[in-house]
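Visitor: Numbering follows the UniProt record's numbering, in which position 94 of the sequence shown is assigned residue number 94; successive positions increment by one, without gaps.
C-beta atoms are modelled at their ideal positions from N, C-alpha and C, and glycine is treated no differently.
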Amino acid sequence: MAEKRELPGHIAAALAGAGGAADSAGRPWSGRDLSGPGNPLHNFNEDDGGADQGYLKAVAALGDGTGGEPQVLQALASARVFVPIVAQLGEEAAGAGGLAADKQADMALVTLQAPDGRRALPVFTSTSALEAWHAEARPVAVYAARAALSAVAEKAQLLVVDPGSEVTFVVRRPGLWALARQQEWVPSYADPSLADLVAEAVGGEPDVLRTALAPGSGIASRTASGRILAGGGPGPELRLVLAARDGLSQAELQGLAQRLQGRLGASKDFAERVDSLEISFVRDTAGRHAGP
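#1: With 16 other CB atoms within 10 Å as the buried threshold, where does D275 fall?
#2: Taking the alpha-carbon of P206 as reference, which of S249, A266 and L256 has the nearest alpha-carbon?
#3: Once the 5 residues before and after A266 are set aside, which same chain residues still bring their CB inside 6 Å of it?
#4: Should the stretch 71–79 be called in touch with the stretch 114–121, which here means at least 3 C-beta pairs below 8 Å?
#5: Going by DSSP, name the residue or residues bridged to F270.
#6: Would you mind giving the Cβ-Cβ distance between G164 and A132, rounded to the nearest angstrom? I have them listed as a contact below 8 Å.
#7: Note down the Cα distance separating F82 from L112, rounded to an integer number of angstroms.
#8: If you scan the UniProt domain "SseB protein N-terminal" (57–178) from start to end, which runs of the beta strand (DSSP E) of 3 or more residues do you find wholly inside it?
#9: Quick one: using the 10 Å Cβ neighbour count with 16 as the cut-off for buried, is E237 buried or exposed?
#10: Quick check: what's the CA-CA separation for I219 versus A230?
#11: Quick check on DSSP: helix, strand or coil for R263?
#12: Just to confirm the assignment, what range does the alpha helix (DSSP H) spanning E205 have?
#13: Would you check if the distance between the CB atom of A108 and the CB atom of V86 is smaller than 8 Å?
#14: CA-CA distance, G232 and A178?
#15: Beta carbon of L209, beta carbon of R245: below 8 Å?
#16: Got a sec, what are the start and stop residues for the beta strand (DSSP E) E278 sits in?
#17: For G204 and A145, what's the separation of their Cα atoms in angstroms?
#18: Tell me which residues share the same chain as I279 and place their Cβ nearer than 6 Å to its Cβ, disregarding the 5 neighbours each side in the sequence.
#19: I need the DSSP call for S221, collapsed to helix, strand or coil.
#20: Do you know how far the Cα of T125 is from the Cα of L159?
#21: Can you pull the DSSP bridge partners for L238?
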């Protein structure tokens with residue numbers, strides 16, 4: 001029998017006594033009005049289940065180029081979101097995202113697996129977005145910071161906002177941690193202090209002539225209708241551009257990249273600020289070298 005995974009405390013408390021088609025008072029979950037002080041799902045009085053307007057404005061600004069990812073995270077920090085919970089029946093039934101149910105009725109916090117294998121927690125800005133994604137999931141309303149704490153507790157490295165909707169925004173690990181800690185987030189591609197850490201890592205590499213940091217190729221995301229947004233992608237989020245000595249072979253360039261990846265990954269400060277890194281090579285100033 002699979003070992004039972006305990007839910008985070010605030011999720012467990014919200015779901016205490018829940019099970020089946022109705023809550024512990026016998027009120028059906030189906031068609032539940034999410035507004036009003038008597039709503040047992042959450043403590044957000046007069047909440048109609050709609051998306052937070054501040055978040056919608058930040059995403060719109062991201063789309064038209066007047067805002068960026070930090071503004072989306074800032075708006076999300078004060079927004080209410082819905083965490084999906086599903087019921088699992090049967091003593092040995094497999095739960096969503098690898099969770100297991102070992103009682104007649106257990107509640108499972110839904111998690112996803114990203115294409116790169118990392119675990120992700122989905123959250124939704126509205127009940128309609130959640131219902132369109134999973135009709136049987138029950139919405140538990142929390143502030144996004146609490147959802148981020150749940151993601152950390154579940155060992156998730158990504159928070160996926162509104163999967164399956166027109167705009168799906170991925171909060172990468174450093175942003176997720178900042179959200180959980182209720183701290184301001186500076187994306188790695190806009191963090192000037194990382195240059196010193198890179199300089200330290202390449203200090204013992206005489207074949208490296210110059211370095212530069214730039215936004216990675218995985219920052220952008222695509223809406224369901226095909227529009228490109230300059231943010232919200234799962235990564236890589238940071239690109240390290242190297243100008244290397246002329247004449248290095250492909251194997252030598254790969255070895256150089258691997259050594260730098262290892263040193264930077266071993267740096268606690270770098271690892272906490274950077275979710276994912278890609279390394280590319282460019283010609284030197286004389287135009288003599290072209291890397292991969």
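Guide: On the basis of the coordinates in this document:
#1: Position 275 of the sequence shown holds residue 275. Under this definition D275 is a buried residue.
#2: As a first step, residue 206 must be located in the sequence shown, where it is residue number 206. It is L256.
#3: Within the sequence shown, numbered from 1, the residue matching residue 266 stands at position 266. Around A266: no qualifying Cβ.
#4: no
#5: In the sequence shown, the residue the question calls residue 270 occupies position 270. Note: F270 sits in no beta bridge, so no partner.
#6: Here the question's residue 164 lines up with position 164 in the sequence shown. Here the question's residue 132 lines up with position 132 in the sequence shown. That belief holds up - the Cβ atoms of G164 and A132 are roughly 7 Å apart, short of 8 Å.
#7: Walking along the sequence shown from the start, residue 82 turns up at place 82. Walking along the sequence shown from the start, residue 112 turns up at place 112. Roughly 15 Å separates the two Cα atoms.
#8: Segments of the beta strand (DSSP E) lying fully in the UniProt domain "SseB protein N-terminal" (57–178): 80–89, 105–109, 119–123, 138–143, 158–161 and 169–171.
#9: To locate residue 237, count along the sequence shown from 1; it is residue 237. It counts as buried.
#10: Counting from 1 along the sequence shown, the entry for residue 219 is found at position 219. Counting from 1 along the sequence shown, the entry for residue 230 is found at position 230. Taking the straight line from one Cα to the other gives about 7 Å.
#11: The sequence position of residue 263 within the sequence shown is 263, counting from 1. Three-state result, R263: helix.
#12: Sequence index remark: in the sequence shown, residue 205 carries index 205 (1-based). Counting along the chain, no alpha helix (DSSP H) covers E205, and no H or E run does either.
#13: The residue labelled residue 108 in the question sits at position 108 within the sequence shown. The residue labelled residue 86 in the question sits at position 86 within the sequence shown. Their beta carbons are under 8 Å apart, which means A108 touches V86 by this criterion.
#14: For this step, residue 232 is matched to residue 232 along the sequence shown. For this step, residue 178 is matched to residue 178 along the sequence shown. Their Cα atoms are separated by approximately 16 Å.
#15: Here residue 209 corresponds to residue number 209 of the sequence shown, with the count starting at 1. Here residue 245 corresponds to residue number 245 of the sequence shown, with the count starting at 1. Against a cut-off of 8 Å, the Cβ pair of R245 and L209 comes out as a contact.
#16: What you label residue 278 is simply residue 278 of the sequence shown in a count that begins at 1. Here the beta strand (DSSP E) through E278 covers L277 to V282.
#17: Within the sequence shown, numbered from 1, the residue matching residue 204 stands at position 204. Within the sequence shown, numbered from 1, the residue matching residue 145 stands at position 145. If I take the Cα positions, the gap works out to 41 Å.
#18: In the sequence shown, the residue the question calls residue 279 occupies position 279. Around I279: L240 and A257.
#19: Taking the sequence shown and counting its residues from 1, one reaches residue 221 at position 221. Strand, per DSSP.
#20: Here residue 159 refers to the residue found at position 159 of the sequence shown. Here residue 125 refers to the residue found at position 125 of the sequence shown. Straight-line Cα distance between these residues: approximately 12 Å.
#21: Stepping through the sequence shown from its first residue, residue 238 is reached at position 238. P215 and L277, per the DSSP bridge assignment.
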